[in-house]
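In order, the protein sequence lines correspond to chains A and B.
The first sequence begins at 913 in this note's numbering and counts up by one.
The second sequence begins at 11 in this note's numbering and counts up by one.
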Amino acid sequence: MKDVGFIALTYVITFGVVGALVATTLVAGRRLSDHVADEDKPWT
Amino acid sequence: MGSQATRSGVGTPATRVFGVIATLALGWVVVGGIFVTPPDVVQGESVRIMYVHVPTAWVSYLAFIVTAVASAGYLFGRRHSLGFDRVAGAAAQVGVSFMALTLISGSLWGRLTWGTFWEWDPRLTTTAFLFVTYLGYLAVRGLDGTPAQRAKRSAIVALLAVFEIPLVHFSVVLWRSLHQEASVLSTDGDIKMDDLMLFTLLVGVVGFTALFMWLVSHRQRVMALRDIVESRRIDVAMAERVAEGTPL
Chain A
913 MKDVGFIALT YVITFGVVGA LVATTLVAGR RLSDHVADED KPWT
Chain B
11 MGSQATRSGV GTPATRVFGV IATLALGWVV VGGIFVTPPD VVQGESVRIM
61 YVHVPTAWVS YLAFIVTAVA SAGYLFGRRH SLGFDRVAGA AAQVGVSFMA
111 LTLISGSLWG RLTWGTFWEW DPRLTTTAFL FVTYLGYLAV RGLDGTPAQR
161 AKRSAIVALL AVFEIPLVHF SVVLWRSLHQ EASVLSTDGD IKMDDLMLFT
211 LLVGVVGFTA LFMWLVSHRQ RVMALRDIVE SRRIDVAMAE RVAEGTPL
């Protein structure tokens, strides 16, 4: 049963870090894009 | 300038496609990897760690290769476009994060299969060295200087650092190693894995790759926005000093 804890910990850490990366990226994008006009964003 | 005149966020229809692919594929990795796939005949249940360990390792290699290619694009391109530099920086940030995940998941897997979290084995040692090298790359990017200075010096570091990747990948062949050789293909080219396990592993590779594309696309745009905001802040500060009559 020791395996279960290690496997669960691997998935929690991996998807926790992935979630944090996605969240910080979205927040930074929204915060900064509010300060820049659309004509300065080539992707819009 | 106000929020009413701007679109919030840095997403596009293309990045939304990457996001949907990543969500679906990684959803399967969690469900299939933990609950559906069979245990391995040799490693037992611990093989479930493979479904995140192998794709994160693959994505970190991919990220560092993208960093090198984009750096070459900046350094040798005619226009020395800072867009290349931002892609290089964004890919390295994601690559370092995924390499950290590879080391952590590998360490937990190692504890189950080898009985130890860490061994100064060729694959583990070269991977740790690669991780530290790219932490150094990110530190170089953080040094003071103009965006062009930042881009030039970090591009040179990236083009040198990428040569470590073959060393890491082939370390299990070049030296005696605890680490297993290629998980999917044997040296004679035969696939030696249960179909459902192979499917889940490949879905993991697709999912983490789509996530990488999503993250790099968004983060390089965030960097572009940050450069614009920072440039304006400097312009405002200089204008204020000129108005005050203070020498620049």
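For every residue, glycine included, the Cβ atom is placed at its ideal position computed from N, Cα and C.
Where the alpha helix (DSSP H) through residue i begins and ends
{"i": "residue 254 (chain B)", "result": "205–254"}
{"i": "residue 159 (chain B)", "result": "157–171"}
{"i": "residue 174 (chain B)", "result": "174–179"}
{"i": "residue 132 (chain B)", "result": "132–151"}
{"i": "residue 301 (chain B)", "result": "Here chain B comprises residues numbered 11 to 258, so residue 301 (chain B) is not present and cannot be evaluated."}
{"i": "residue 23 (chain B)", "result": "23–41"}
{"i": "residue 261 (chain B)", "result": "Because chain B is modelled from 11 through 258, residue 261 (chain B) falls outside the range shown and cannot be assessed."}
Rounded C-alpha distance that separates residue i from residue j
{"i": "residue 921 (chain A)", "j": "residue 187 (chain B)", "result": "26 Å"}
{"i": "residue 160 (chain B)", "j": "residue 153 (chain B)", "result": "7 Å"}
{"i": "residue 169 (chain B)", "j": "residue 67 (chain B)", "result": "20 Å"}
{"i": "residue 55 (chain B)", "j": "residue 43 (chain B)", "result": "10 Å"}
{"i": "residue 114 (chain B)", "j": "residue 189 (chain B)", "result": "15 Å"}
{"i": "residue 164 (chain B)", "j": "residue 222 (chain B)", "result": "21 Å"}
{"i": "residue 36 (chain B)", "j": "residue 73 (chain B)", "result": "18 Å"}
{"i": "residue 948 (chain A)", "j": "residue 937 (chain A)", "result": "17 Å"}
{"i": "residue 219 (chain B)", "j": "residue 246 (chain B)", "result": "41 Å"}
{"i": "residue 70 (chain B)", "j": "residue 242 (chain B)", "result": "34 Å"}
{"i": "residue 96 (chain B)", "j": "residue 230 (chain B)", "result": "5 Å"}
{"i": "residue 158 (chain B)", "j": "residue 84 (chain B)", "result": "10 Å"}
{"i": "residue 918 (chain A)", "j": "residue 121 (chain B)", "result": "9 Å"}
{"i": "residue 952 (chain A)", "j": "residue 25 (chain B)", "result": "19 Å"}
{"i": "residue 215 (chain B)", "j": "residue 954 (chain A)", "result": "30 Å"}
{"i": "residue 110 (chain B)", "j": "residue 208 (chain B)", "result": "24 Å"}
{"i": "residue 956 (chain A)", "j": "residue 945 (chain A)", "result": "11 Å"}
{"i": "residue 156 (chain B)", "j": "residue 924 (chain A)", "result": "39 Å"}
{"i": "residue 240 (chain B)", "j": "residue 19 (chain B)", "result": "18 Å"}
{"i": "residue 90 (chain B)", "j": "residue 237 (chain B)", "result": "16 Å"}
{"i": "residue 53 (chain B)", "j": "residue 27 (chain B)", "result": "36 Å"}
{"i": "residue 50 (chain B)", "j": "residue 184 (chain B)", "result": "27 Å"}
{"i": "residue 126 (chain B)", "j": "residue 167 (chain B)", "result": "33 Å"}
{"i": "residue 926 (chain A)", "j": "residue 141 (chain B)", "result": "17 Å"}
{"i": "residue 65 (chain B)", "j": "residue 22 (chain B)", "result": "25 Å"}
DSSP bridge partner residues for residue i (one or two, in chain order)
{"i": "residue 50 (chain B)", "result": "B:54"}
Residue i Cβ short of 7 Å to the ligand SAM heavy atom set
{"i": "residue 98 (chain B)", "result": "Absence of the ligand SAM is noted for the structure shown, with no ligands found whatsoever."}
**Request:** Evaluate the contact criterion for the segment 126–138 of chain B versus the segment 926–941 of chain A: three or more CB pairs, one atom per stretch, below 8 Å.
**Result:** Contact fails: fewer than three Cβ-Cβ distances are below 8 Å.
**Prompt:** Should the segment 47–61 of chain B be regarded as contacting the segment 145–152 of chain B, the criterion being three or more beta carbon pairs within less than 8 Å?
**Reply:** Contact between the segment 47–61 of chain B and the segment 145–152 of chain B is absent, because fewer than three Cβ pairs lie under 8 Å.
**Prompt:** Is the segment 241–256 of chain B touching the segment 84–103 of chain B, taking contact as three or more C-beta pairs under 8 Å?
**Reply:** No, the segment 241–256 of chain B is not in contact with the segment 84–103 of chain B.
**Message:** Using a Cβ distance threshold of 8 Å, determine whether the segment 116–123 of chain B contacts the segment 77–93 of chain B, with at least three qualifying pairs required.
**Reply:** Segments in contact, no.
**Asked** In chain order, what residues of the segment 57–88 of chain B put their CB closer than 8 Å to some CB of chain A?
**Response** Those residues of the segment 57–88 of chain B that come within reach of chain A (Cβ to Cβ, closer than 8 Å) are 58, 59, 62, 63 and 66.
**Message:** Any C-beta of chain A within less than 9 Å: which residues of the segment 215–239 of chain B qualify?
**Reply:** Among the residues of the segment 215–239 of chain B, those with a Cβ less than 9 Å away from any Cβ of chain A are 218, 221, 224, 225, 227, 228, 229, 231, 232, 234, 235, 236, 238 and 239, in the order of the chain.
**Request:** Specify whether the segment 933–949 of chain A and the segment 171–187 of chain B touch according to this definition: at least 3 beta carbon pairs, one from each stretch, less than 8 Å apart.
**Result:** Taking a cut-off of 8 Å for Cβ pairs, the segment 933–949 of chain A and the segment 171–187 of chain B do not touch, as fewer than three such pairs fall below it.
**Prompt:** Which residues, taken in chain order from the segment 924–950 of chain A, show a beta carbon closer than 8 Å to some beta carbon of chain B?
**Reply:** Taking 8 Å as the upper bound on Cβ-Cβ separation, chain B lies near residues 925, 926, 927, 929, 930, 933, 934, 937, 938, 940, 941, 942, 944, 945, 946, 947, 948, 949 and 950 of the segment 924–950 of chain A.
**Prompt:** Looking at chain A, which residues of the segment 24–49 of chain B have a Cβ within less than 8 Å of any of its Cβ atoms?
**Reply:** The residues in question are 36, 40, 43 and 44.
**Interface positions of the segment 121–134 of chain B facing chain A (Cβ-Cβ less than 7 Å), listed along the chain** = Residues 121 and 122.
**Request:** Please name the residues in the segment 95–119 of chain B whose beta-carbon is closer than 8 Å to at least one beta-carbon of chain A, in chain order.
**Result:** Of all residues in the segment 95–119 of chain B, 104, 107, 110, 111, 114, 115, 118 and 119 have a Cβ within less than 8 Å of some Cβ in chain A.
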